[in-house]
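See structure below.
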Amino acid sequence: MSYALGIRENIRQFLEQLLQVFFVGLTIGLQRTVIPALAETEFGVVQGSMTAIFAFIVSFGVVKGAMNFVSGRISERVGRRRVLIWGWLVALPIPFMILYAPSWGWIVAANVLLGVNQGFCWSMTVTAKMDIVKGSQRGLATGFNEFAGYGGVALAGLVTGYLASYFDPRLSLFLFGLVIILLALAAGMLAFTETLPWARAEAARHKAGETIGPLPRYVDGPDNPSSGQIFALVTWRNPTFMALAQAGSVEKFVDALMWALVPVFMVSKGASLIEIGWITGIYGFVWGGSQLWTGPLSDLFGRKWPTVAGFFLCAGGVLAFPFLASVAAWAVAAAVTGIGMALLYPTLIAAMGDIAHPSWRGSALGVYRFWRDLGYAIGALAMGLIADASGLLEAGFWFTGIAMAGSGLWLILAMAETHPRLNPASDLETTHA
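For the sequence shown, this note's numbering assigns the number -7 to the initial residue and increments by one for each residue that follows.
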């Protein structure tokens, strides 16, 4: 088998992966609207304790970040499909824990399992796409992937908001979550092609000097790096990798804010669950839908400047939110933030894929996603402590907006363009990669 690269050449595998990431998005989205808004009334969180409310995001971020790294390493030994299936098996108890939770601690524990699920399953949909697409299609591929995933997040948040308003909240989340997880597990077992052979074939072609098109600027590294070597390479030894890793971490502050702080802030202003569902849904739908054009945009114009623009657009949307006082105005701020996330999110992943050697790309993506999703925990913990210390929910918005602007500045100063067409490697450089 030739293991040709390209979306058209591997359309069946590509669609299988899109279905899986849609299920992954639906699974995380079932917690986006209802659980933060009902933390005090349904799960016994002490009134006004933002640190306690954010605890379930902290647990999710720490575990998902670690599992991203673990899944990337494991998948290069046992394959992408097996890791994906393990992730869905871990998710099976989550709906039952939500249904029977006697306290907020159970929700925190359920989010630990959700972190494992997301770290295994979402990571594998991204890595599998990087395995089968051409370098010139990475922006398009990640755009479609994140569109499907965050479209699922937004849809689940909106649907569960309505269900919880008209029916029992816990039972609604239980039934919705269980059906999605069972469907995803069945699809993973019956219709998900193993893509590791594509990555190995690409690495062999590169080693033999048979790469077609612009030469990728792969970062220098051993053919089979250890876990410690790949972690150090992505985290601090290469300036562009380091810039991408910090950017991935900081942008998750925005998602943590939209997940937990925005629902609580809107409740404090008298908004209903349905209105909260619409605001978080608009953010998710705009983020997800816009990636259909922002991913290809980065294939045309490069990775660096769309990413930088996204960071500053998010900073503006987040900083504006607490100064607004109507659902319509919040919707505009949510949409602006969603566009910013769409500009930066798939582009960061594509940039990692551009310069990570195919023989260790899965591991490099795992390290990037470790730092990125650890941003959930860092951002949530910081926002909770700041909000509790200041007594102002608005302080979390100010912190996040300033952090996004600072991260965008870091990218301007430290990130090299990674697109192989716009910044190709020389023949001499490829002999060392």
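All C-beta atoms, glycine included, are put in the ideal place defined by N, C-alpha and C.
Exposure label - residue i; buried when at least 16 CB within 10 Å
| i | result |
| --- | --- |
| A237 | buried |
| G135 | buried |
| W285 | exposed |
| I90 | buried |
| I124 | buried |
| T33 | exposed |
| L182 | exposed |
| R4 | exposed |
| I271 | buried |
| T423 | Only weak support is given to the placement of T423: the predicted model assigns it a pLDDT of 46, under 50, and the question is left unresolved by the model. |
| A235 | buried |
| A317 | exposed |
| L292 | exposed |
| V256 | buried |
| F304 | buried |
| L(-3) | buried |
| G398 | exposed |
| I173 | buried |
| S241 | buried |
Integer Cβ distance of residue i from residue j, believed to fall under 8 Å
| i | j | result |
| --- | --- | --- |
| S290 | A356 | Contact flag wrong, Cβ pair sits at about 18 Å. |
| G287 | P338 | 4 Å |
| G169 | S95 | Contact doesn't hold; Cβ gap of about 19 Å is too wide. |
| V100 | S164 | Incorrect: roughly 20 Å between the Cβ atoms, too far for contact. |
| M407 | T227 | That pair is no contact at about 15 Å. |
| A195 | S351 | 4 Å |
CB contact flag (residue i, residue j, <8 Å)
| i | j | result |
| --- | --- | --- |
| G273 | L150 | yes |
| G294 | L403 | no |
| T117 | V26 | no |
| L253 | T43 | no |
| G17 | Y368 | no |
| I77 | P208 | no |
| I266 | S157 | yes |
| M396 | V324 | no |
| T185 | A83 | no |
| W452 | L177 | Because the chain is modelled from -7 through 425, residue 452 falls outside the range shown and cannot be assessed. |
| G111 | M59 | yes |
| G345 | R73 | no |
| G501 | M333 | Outside the modelled stretch of the chain, which goes from -7 to 425, sits residue 501, for which no answer is possible. |
| F61 | G358 | yes |
| L336 | T392 | no |
First through last residue of the alpha helix (DSSP H) which encompasses residue i
| i | result |
| --- | --- |
| K126 | Careful: K126 lies outside any alpha helix (DSSP H) and carries neither H nor E. |
| A179 | 161 to 182 |
| P87 | 86 to 92 |
| E386 | 386 to 406 |
| S260 | 254 to 260 |
| R192 | 188 to 199 |
| E243 | 231 to 248 |
| G220 | 219 to 224 |
(request) Output the residue ranges of the alpha helix (DSSP H) runs that lie fully inside the stretch 278 to 358 and measure 4 residues or longer, sorted by chain position. (result) 296 to 312, 319 to 347
(request) Mind listing, in chain order, the continuous alpha helix (DSSP H) runs of no fewer than 4 residues lying wholly within the stretch 21 to 83? (result) 26 to 29, 31 to 35, 42 to 70, 72 to 83
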